[in-house]
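Using the working numbering, read the first sequence as starting at -9 and increasing by one per residue.
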Amino acid sequence: MLIKDIQNAEGKTVTIAGWVYNTRSSGKIRFILVRDGTGIVQCVFSQKDVSQQVFELADKLTQESSLYITGTVKKEDKAPGGFELVGQDIKLIQMTENYPISPKEHGTDFLMGHRHLWLRSRRQNAIIIIRSQLIKAMRDFFDNQGFILVDTPILTPAAVEGTTTLFEVEYFGEKTYLTQSGQLYNEPDAAAFNKVYCFGPTFRAEKSKTRRHLTEFWMIEPEVAFADLNDIIILAEDFISYIVERVLSKCQEQLKVIERDISKLEKITAPFPRITYTEAIEQLKKAGKPVKWGDDFGADEETVLSNLYEKPLVIHRYPAECKAFYMKRDQDDDKLALGADILAPEGYGEIVGGGQREDDLKTLEKRIQEYKLPKQAFEWYLDVRRYGTFPHSGFGLGVERTLAWICSLPHVRETIPYPRMLEKVYP
RNA sequence: UCCAGCGUAGCUCAAUGGUGGAGCAUCCGGCUGUUAACCGGAGGGUUGCAAGUUCGAGUCUUGCCGCUGGAGCCA
């Protein structure tokens, strides 16, 4: 029986299988906390109630020893969780020796080096369960709205956005790169399926060493045919509201374990505050930041801006120079790109980037030239504009940054089971 | 790549330039309801590496290595 179901088995004799989480004792009584990945339950062994053999075994159990325990489920207010197992028998699988992670505090380097074991701990367990629910909510949102999941390749022939550093992979004697976005493939896919999304890992070989960066992270990217910037902002707002609400309703227990202040998440409902880049610059100046029109925002600026609001903040119409070549320009002001970023509250920074795509062949060819990109690598992409071009928009949302915000974590590395960071690929 | 801080027991941390300690973990013992249980005892060290200053270096200096945070870049 799974530990999470034990509250429904009061009075019954059951067998659980799991690992020793911690042990406590007093005189002739032993308390064994057992976890099985679905929950933790306290098992009690009294010397007067069990055989000497079983009691001695209970006395010797070490942290993370694997075993089966048979006992009777009893409601007990003194037990963590309100129920305990009055133990009758123990079948030991393995007596663990010298488990490295003790119940006391540890540093991040040590814990990251033992990430495969750290995941057994209560808090890490809760975070990864929330991740699982979050991803399911993301997929459900798009699936329910008639989007088609169209996977985009991980090995790509050229840079999607040209500038950023890519991981190079030798591909039968040719150079290929790990994808940094499914974006370019989403666009022809939207012409084939109308509303599409891709979801998968993306890679950036940037030498970034901050709480917001991983070299391998997961992104979900919708692309919608015949949608303009406004349409896609509304989609993003609905999307974020939906996934936050879903985590709130499905992960109450896990949010409690990580001690998240859920009142802040309950405020996340569409629509979100929406300002232009130019207004953002004015607000930053008012806050005393030395910025000028044309600057891209750094982490510091993002934090100042997002702290002005309780909900995620939509910033749209950035200077075109700051943005990718495929962004459509604002017809009212050619210096502006029809793009929008969404900053998470509480200083978590950018979680969404997206916008309307340039759909005119001549203009896009000109941009490719201006950005000094190899045109021949983009011929297939230009075909989207050659054969029945259409207005379309999309965005990408970073799973780990979103999860870090939802869980109120100080660093994205805890939001993914095995984080890949600058010079860190073990375990 | 640059800037800052840190590196002492398996882990988390103390130690004025003058005999390297504590808590947890481990092992032994005690306690019949423990809550990161508690109480008593034991074992556990090339103080990241190399050189230098000094009568004497965990402590000061230089270099290297590693870690952490930040910047730039980005989701």
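Cβ atoms here follow ideal geometry from the backbone N, Cα and C, with glycine treated the same way.
Separation of residue j from residue i, as counted between CA atoms
i, j, result
"residue 261", "residue 335", "14 Å"
"residue 415", "residue 190", "19 Å"
"residue 374", "residue 108", "47 Å"
"residue 275", "residue 281", "7 Å"
"residue 251", "residue 112", "18 Å"
"residue 358", "residue 140", "26 Å"
"residue 77", "residue 248", "30 Å"
"residue 403", "residue 138", "30 Å"
"residue 234", "residue 255", "7 Å"
"residue 93", "residue 25", "14 Å"
"residue 68", "residue 40", "21 Å"
"residue 51", "residue 240", "34 Å"
"residue 270", "residue 279", "11 Å"
"residue 246", "residue 238", "11 Å"
"residue 356", "residue 367", "15 Å"
"residue 204", "residue 23", "35 Å"
"residue 226", "residue -8", "38 Å"
"residue 153", "residue 311", "Per-residue confidence for residue 153 stands at a pLDDT of 49, beneath the threshold of 50, marking its modelled position as unreliable; the derived number appears in the next sentence. Approximately 13 Å, taken between the alpha carbons."
"residue 371", "residue 377", "11 Å"
"residue 307", "residue 165", "35 Å"
"residue 325", "residue 353", "14 Å"
"residue 382", "residue 259", "25 Å"
"residue 66", "residue 16", "17 Å"
"residue 4", "residue -6", "13 Å"
From the options, residue whose alpha carbon lies closest to that of residue i
i, options, result
"residue 340", "253, 230 and 368", "230"
"residue 83", "47, 163, 97 and 117", "47"
"residue 436", "268, 0 and 103", "No statement about residue 436 is possible, as the shown extent of the chain runs from -9 to 417 and does not include it."
"residue 27", "76, 115 and 19", "115"
"residue 244", "295, 320, 117 and 222", "117"
"residue 412", "206, 17, 136 and -9", "206"
"residue 263", "238, 302, 272 and 293", "302"
"residue 323", "393, 309, 163 and -7", "309"
"residue 90", "122, 73 and 55", "55"
"residue 156", "297, 198 and 299", "198"
"residue 80", "42, 71 and 99", "42"
"residue 221", "298, 143, 311 and 346", "346"
"residue 242", "120, 17 and 299", "120"
"residue 364", "2, 147 and 103", "147"
"residue 236", "96, 126 and 72", "126"
Contact check, residue i vs residue j, beta carbons under 7 Å
i, j, result
"residue 30", "residue 58", "no"
"residue 305", "residue 267", "yes"
"residue 388", "residue 128", "no"
"residue 361", "residue 315", "yes"
"residue 194", "residue 173", "no"
"residue 175", "residue 132", "no"
"residue 14", "residue 49", "no"
"residue 63", "residue -4", "yes"
"residue 380", "residue 217", "no"
"residue 105", "residue 417", "yes"
"residue 320", "residue 333", "no"
"residue 343", "residue 384", "no"
"residue 300", "residue 257", "yes"
"residue 32", "residue 87", "no"
"residue 167", "residue 158", "yes"
"residue 421", "residue 393", "One cannot answer for residue 421 here, as it falls past the ends of the chain, which runs -9 to 417."
Residue i, enclosing beta strand (DSSP E) - first and last residue
i, result
"residue 9", "3 to 16"
"residue 21", "19 to 25"
"residue 58", "56 to 65"
"residue 330", "329 to 334"
"residue 33", "30 to 36"
"residue 160", "158 to 161"
Span of the alpha helix (DSSP H) around residue i
i, result
"residue 354", "351 to 360"
"residue 433", "Since the displayed the chain opens at -9 and closes at 417, residue 433 lies outside it and no answer follows."
"residue 396", "389 to 397"
"residue 293", "289 to 296"
"residue 267", "267 to 276"
(request) Please specify which runs of the alpha helix (DSSP H), each continuous and at least 4 residues long, are wholly inside the region 186 to 257, giving them in chain order. (result) 219 to 240, 242 to 247 and 252 to 256
(request) Please go through the region 73 to 114 and give each complete alpha helix (DSSP H) segment of 4 or more residues, from N-terminal end onward. (result) 98 to 103 and 105 to 108
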